[in-house]
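Participant: In our numbering, the protein residues as written are 143 to 472.
Here a beta-carbon is modelled for each residue, glycine too, at the ideal position from N, C-alpha and C.
Owing to the predicted nature of the structure, the values given are computational and were not obtained by experimental measurement.
Sharing a structure with you now.
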Amino acid sequence: MLHTGNFIQSIFNSAFTDFDTFALQAFYYQYDNNIIYNQYCKLNKILDKQSITKVAQIPFLPIQLFKNHQILSTQNESQIIFTSSSTTGQGTSKHYVTDINIYIQSFSESFSQIYGSIKDYCFLALLPSYLERSGSSLIYMCNELIKESEHPLSNFYLNNHQELKKTLEHLKSKQQKTILLGATFGLLDFIETYSISFPELIVIETGGMKGRRKEITRMEAHSMLQKGFQLAGIHSEYGMTELLSQAYSKENGLFNCPKWMQISIGDTTDPFTFLKSNKTGIINIIDLANIHSCCFIQTQDLGRKTDSESFEVLGRLDNSDIRGCSLLTI
143 MLHTGNFIQS IFNSAFTDFD TFALQAFYYQ YDNNIIYNQY CKLNKILDKQ
193 SITKVAQIPF LPIQLFKNHQ ILSTQNESQI IFTSSSTTGQ GTSKHYVTDI
243 NIYIQSFSES FSQIYGSIKD YCFLALLPSY LERSGSSLIY MCNELIKESE
293 HPLSNFYLNN HQELKKTLEH LKSKQQKTIL LGATFGLLDF IETYSISFPE
343 LIVIETGGMK GRRKEITRME AHSMLQKGFQ LAGIHSEYGM TELLSQAYSK
393 ENGLFNCPKW MQISIGDTTD PFTFLKSNKT GIINIIDLAN IHSCCFIQTQ
443 DLGRKTDSES FEVLGRLDNS DIRGCSLLTI
């Protein structure tokens, strides 16, 4: 029987390297303890968990099922429920989190691996649409990072762009290492009115355009943001309500995962077939931090892996259910 506390301690350990063994352990555990995932596996002819002996054989649960099912692998009560926005009219995803400390440890350690100590930065968050609703996992993460930074000017910003501009100018004058994390549309709204030359500033966009601006590619958005902030490049964060981990891209559009998270690319016509590097398909994610919900998530995002195991996000499969999701309309 898997001890989930030891499992979590192991995956966050600096010496953790045996991803495949832990992924299989997570699969066996969730096959036995996650009712929805078990049903999904059985409807896809996986009637014996021991028939799965390789990570490549593990099925990925369609992310849409978080909209109408409680995806849990534990009997413990939820400490918090993270919810997605509902701009598409297709419902809201709910992630029932039974141990919030796993989320805190996951985002803190993955952030620190990429950017170093959080306490070195002033942390600014421009997330207007997220602040205007409850249940955002991104707001929770940013709030914790703001507190952990311990900088007196670390803060959230809604539509007070003038105050944000003054804060950035002050931080520049003090040569303070600064991170500005924002929804793409919020950052674009800011640079429509203000421009600042702050070469040391790190701007991290989180995505987020639907329903707020005309959809444009990430490349187009980054080009506009680079010009507005007068930076050589823009960073990106890739995360979602249904995951407890995030991937980051530093200026080049290629995302890297923390060591307890991996992606694979599924064929759009058959999501149970996986593609080689440099082929475009559905992004599938293994997030071992999701041990209490589901570690194996089939997204609605299109992407491509590189030979170095980095990946690109190329778009979304809007308004088209991937085969398999309809199996669980129960």
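Let me know the secondary structure DSSP gives I213 once reduced to three states.
Facilitator: coil
Participant: Using a Cβ-Cβ cut-off of 7 angstroms (strictly less than) and excluding sequence neighbours within five positions of S291, which residues of its own chain qualify?
Facilitator: I260, K261, Y263, C264 and F265
Participant: How about Q181 and S215: are their beta carbons less than 8 angstroms apart?
Facilitator: no
Participant: For I472, which residues in the same chain have their Cβ closer than 8 angstroms to its Cβ, ignoring the five residues on either side in sequence?
Facilitator: Unreliable placement is indicated for I472, whose pLDDT of 33 sits below 50; the coordinate value is still reported in the next sentence. Taken in chain order, the residues that qualify are Q181.
Participant: Output the distance between the C-alpha atoms of F149 and S254, rounded to the nearest integer angstrom.
Facilitator: 21 angstroms
Participant: Using a C-beta cutoff of 8 angstroms, does T422 count as contacting chain B?
Facilitator: The structure shown contains no chain B, having only a single protein chain.
Participant: Which class does Q255 belong to by DSSP, given the choice of helix, strand or coil?
Facilitator: helix
Participant: Hey, out of N175, L385, K308 and L300, whose CA is closest to N432's CA?
Facilitator: L385
Participant: Nearest-angstrom Cα distance between I137 and K184?
Facilitator: Coverage of the chain is limited to positions 143 through 472, which leaves residue 137 absent and any answer about it impossible.
Participant: Please state the DSSP three-state secondary structure of G147.
Facilitator: helix
Participant: Just verifying my parser: in three-state terms, what is the DSSP assignment at H377?
Facilitator: Here DSSP, grouped into helix, strand and coil, assigns H377 to strand.
Participant: Near N420, what residues of its chain come up, given a Cβ to Cβ distance below 8 angstroms and the 5 sequence neighbours on each side ignored?
Facilitator: R446, K447, T448 and D449
Participant: Looking only at its chain, what residues have a beta carbon closer than 6 angstroms to the beta carbon of C467, apart from the 5 residues adjacent to it on each side?
Facilitator: With a pLDDT of 38 at C467, under the threshold of 50, the modelled position of that residue is not reliable, and the figure given next carries that caveat. Closer than 6 angstroms at the Cβ level, and outside the excluded window around C467, lie P204 and Q206.
Participant: Figure out for me which residue from T234, Y257, S315 and Q247 has the closest Cα to the Cα of Y276.
Facilitator: The sequence given here places Ser at residue 276; Tyr does not occur at that position. It is T234.
Participant: Are there 16 or more other CB atoms within 10 angstroms of the CB of T441, so buried, or fewer, so exposed?
Facilitator: buried
Participant: By Cβ distance, which residues of its chain are closer than 7 angstroms to I244, with the 5 residues on each side in sequence left out?
Facilitator: I150, L386 and A431
Participant: Excluding the five sequence neighbours on either side, which residues of its own chain have a C-beta within less than 6 angstroms of the C-beta of A267, listed in chain order?
Facilitator: C284, F298 and L323
Participant: On the CB-based measure, 16 or more other CB atoms within 10 Å of its CB, does G370 come out buried or exposed?
Facilitator: buried
Participant: What is the DSSP secondary structure of M382, reduced to helix, strand or coil?
Facilitator: Here M382 sits in coil by DSSP.
Participant: Based on DSSP bridge pairs, tell me the residues matched to H237.
Facilitator: F224
Participant: Check each candidate in L330, I194, Q318 and G457 and name the one with the smallest Cα separation from I424.
Facilitator: Closest by alpha carbon: G457.
Participant: Residues in the same chain with beta-carbon distance under 6 angstroms from Q346, minus the five sequence neighbours each way, listed in chain order, please.
Facilitator: According to the sequence provided, residue 346 is Ile. The question's Gln does not apply to it. Closer than 6 angstroms at Cβ, skipping near neighbours: L323, H377 and E379.
Participant: Which partner residues does Q440 have in the DSSP bridge list?
Facilitator: P204 and N426
Participant: To the nearest angstrom, report how far apart L396 and P270 are at their CA atoms.
Facilitator: When rounded, the distance between both Cα atoms is 26 angstroms.
Participant: Tell me whether the beta-carbon of I321 lies closer than 8 angstroms to the beta-carbon of I358.
Facilitator: no
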